[in-house]
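Sequential numbering from 193 applies to the sequence shown in our numbering. All C-beta atoms in this analysis are idealised placements derived from N, C-alpha and C, irrespective of residue type, glycine included.
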Amino acid sequence: HRGEVMADIYLRVEAVNIGNVIGDTEDLSTIRGSGLMILDLEARVRSAIQGWRRDIASEPITSGASQTVVRVSLSQTESADALVEHVSESLRCDGLLGFATFVVDHANGDYDDAREALLAKNRWRQLQQSRVSIAGAFPAAEERDAPENAEQQRTPWCPVDMVRPAVRLVDNVRNDEKRFVSDSVAKRRAYGFSEKQAFYRRTAQWTPTAQIIGDRLRAAWHFQQIAEFDRESDGRPAKDYRLLPANLNGKIAIFYVDGNQFGKKQMKLCVNEARQRQWDERVQGEKLAALRSILLQMWDPAIPEQLGPTWWNQSNRDEWRFRFETLLWGGDELMWVVPAWQGWNVANSFFETVRRIQPSEASTSPIRPENLPRRSSPDSGRSPFPTGKSGIRNLDAKPSKAQIEKARREQEALEARAREAEAAAANQPADIGRLSYSAGLVFCHAEAPIQRVWQLTKELADEAKQATPSDGREDDKNRIAYAVLESFDQIGQSMKAARVRHLPFPPIDDRAILQARIRRSVLHADQLAELQLSIPWMRSHFPRGAVYKLLDILRYEDAAGTADSEFSRWYERAVREIQSPDKANMLDDYGHQAVIAKLALSETHRMNWLHLAELWDYVV
193 HRGEVMADIY LRVEAVNIGN VIGDTEDLST IRGSGLMILD LEARVRSAIQ
243 GWRRDIASEP ITSGASQTVV RVSLSQTESA DALVEHVSES LRCDGLLGFA
293 TFVVDHANGD YDDAREALLA KNRWRQLQQS RVSIAGAFPA AEERDAPENA
343 EQQRTPWCPV DMVRPAVRLV DNVRNDEKRF VSDSVAKRRA YGFSEKQAFY
393 RRTAQWTPTA QIIGDRLRAA WHFQQIAEFD RESDGRPAKD YRLLPANLNG
443 KIAIFYVDGN QFGKKQMKLC VNEARQRQWD ERVQGEKLAA LRSILLQMWD
493 PAIPEQLGPT WWNQSNRDEW RFRFETLLWG GDELMWVVPA WQGWNVANSF
543 FETVRRIQPS EASTSPIRPE NLPRRSSPDS GRSPFPTGKS GIRNLDAKPS
593 KAQIEKARRE QEALEARARE AEAAAANQPA DIGRLSYSAG LVFCHAEAPI
643 QRVWQLTKEL ADEAKQATPS DGREDDKNRI AYAVLESFDQ IGQSMKAARV
693 RHLPFPPIDD RAILQARIRR SVLHADQLAE LQLSIPWMRS HFPRGAVYKL
743 LDILRYEDAA GTADSEFSRW YERAVREIQS PDKANMLDDY GHQAVIAKLA
793 LSETHRMNWL HLAELWDYVV
């Protein structure tokens, strides 16, 4: 193609209907593998382009949770439609991605116009093709594994996805036996198991190789290994778990985050390729920082011999399984699964980290002074000048030339890194500003149907979005809605109907008022830290029975509010119990006088009783 006129086109590939491939089983490793394989989409697309013509020039522009855009240079004699068909066929025939469904389209022109055209084409193509992949549905005879012994019975269908033929023999996740599963489950499950640690190494540079772990690091086989307390040989909970409410044993928390109006902001701000890349770096950087903040709680390279307590399943001393799963990662979405006793902490850590690293409202720079690179040397905080025995700098002592030179080099290095940080900030889009997120958090049993719970977390995040103010400071838009599912019966119910029954208000048929009350149950992100401080203290000192009694009074009072006197009587009785002589001065700890005051009877504070009752065991 030397001497030919080249033209650039944009190729957009998106995985569609991904719920049919990520949420089609209850098996943890299969779910994990389905999500991680889609993260490889950009690499597989570029490989397919190179397979079409080896010397073709292509450059990735943006990649999200399930989509990628690549710029490709074609000669006038080459057909963009032929390239689209080749990439589509390559994905359909891929041994792993073939189990998902994709739309592939091209457009030319400047980036801003091409992006809108690609989105429209992708949506139209999605309506014209199958919602599910039939890969593996009709296996050939050579694709069927033979039983290893007479006891291994092949069922007609896969016991994991309950749809495809069972043709592959794999290890059972619950015992040492083997069982037949579909080709789709076998491959996704194997990929999820092998790639879990690689994902954290590659994404967050997190590699726990402490001597205390050695080569015993393992991924969890199933959700119970995330949720169950470690046990001593006599069956009692291990030491670190005895301080946790017993009700949390066997329960998980699923945390889902979605950006607020990121699509609209992206369409407005990312008018060219450079802006698009900067947007991606910003969003991915915030998610990565939040991920690292969690991983460092589990294992910090600065303290390699120390593991975060209750983050590791050590029931089998030959294996260490970390209690953390990433089920969704990419774009402006993420979903994590953690033990129930870490759910509130993870939600708070996410919002705290994002708030800390974002630019201030008054500044367009995404890097604040406290986030500039610091010297990591253990001696970085010490003066280079001689000190006396008390550690106070000796003003009469004259520093040596070596000490002066060392101080000068350190100062120059620090200034150079500060200049680099400022230069990086200057290259960021000046008008991105601060971003906000809405989240859903569900506490449930580890045996709960993960597909339904997954959907519930997204519904809660949507509920949080609806409670977000349309204007004002971006920080005011960080919201989270939560749900506590104590039984499987609650999972099949309408979430809104269930929440209405729990609200601390008398029943009412007015839909507008009900919707307003539901929105009031959504928490601002700042309240996460406040409740994480308050509820454990209240659990230790406030009578739980009084909480439920007071909540019932609020729910069943009549419209005239005649229950005010009964509420006041019970409230004063409960507070007097806390203020008894044997508990003197307890209310002064951490400012809990203010906490008690927030539980007074008023329209503003009614929801605090709901939060206290619902989260009694879950905020630790």
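Euclidean distance between Cα positions of residue i and residue j
i	j	result
S271	A207	23 angstroms
M198	A396	38 angstroms
L715	V676	14 angstroms
N670	I549	15 angstroms
H803	H637	20 angstroms
V449	Y392	19 angstroms
I672	S267	50 angstroms
V362	E369	9 angstroms
V279	V296	7 angstroms
R712	V538	22 angstroms
R703	Q658	15 angstroms
A738	D744	10 angstroms
Y674	R644	15 angstroms
E335	R474	45 angstroms
N800	K460	39 angstroms
L275	T254	19 angstroms
A466	Q476	15 angstroms
R307	Q344	52 angstroms
A805	Y740	7 angstroms
K593	A608	22 angstroms
I201	R315	19 angstroms
C-beta contact flag for residue i and residue j at 8 angstroms
i	j	result
G139	F421	Look at the range of the chain in this structure, 193 to 812, and you will see that residue 139 is not part of it.
D668	P661	yes
P493	D432	no
G523	A257	yes
L283	R236	yes
N452	S226	no
Y383	L289	no
F291	S376	yes
R224	L648	no
T545	S485	yes
Q724	N540	yes
R380	T222	yes
Close Cβ partners of residue i (< 6 angstroms) along its chain, the five nearest in sequence each way excluded
i	result
E820	Lying before the first or after the last residue shown, residue 820 is absent from the chain, which here runs from 193 to 812.
D780	Low confidence applies to D780: its pLDDT is 46, below 50, so where it sits in the model is not reliable, and the reading given next is rough at best. Answer for D780: no residue qualifies.
E517	V529
V324	N212
S628	N452, E666, K669, N670
N464	Y303
L203	V262, V264, H298
Buried versus exposed, by CB contacts within 10 Å (16 or more), residue i
i	result
L319	exposed
I642	buried
R600	exposed
M354	exposed
G211	exposed
I326	exposed
Y748	exposed
P348	exposed
I700	exposed
E764	exposed
C462	buried
I230	buried
D216	buried
A332	exposed
I418	buried
Distance between beta carbons of residue j and residue i, contact taken as under 8 angstroms
i	j	result
C350	A358	5 angstroms
I710	R691	6 angstroms
R515	W503	6 angstroms
T260	E234	4 angstroms
A445	N505	Contact doesn't hold; Cβ gap of about 15 angstroms is too wide.
L220	F415	6 angstroms
S374	G301	Actually they do not touch by this definition, with Cβ atoms about 43 angstroms apart.
P400	W521	At roughly 19 angstroms, the Cβ-Cβ gap does not stay under 8 angstroms, so P400 and W521 are not in contact.
Residues near residue i in its chain [Cβ-Cβ closer than 8 angstroms; skip 5 each side]
i	result
R434	R428
R761	none
Same chain, Cβ closer than 7 angstroms to residue i, five either side skipped, listed in chain order
i	result
K479	L526
R813	The chain is shown only over 193 to 812; residue 813 falls outside these bounds and no answer can be derived.
F543	N670, A717, L720
P728	V811, V812
N441	E420, F421
S322	T293
R346	P339, A358, F372
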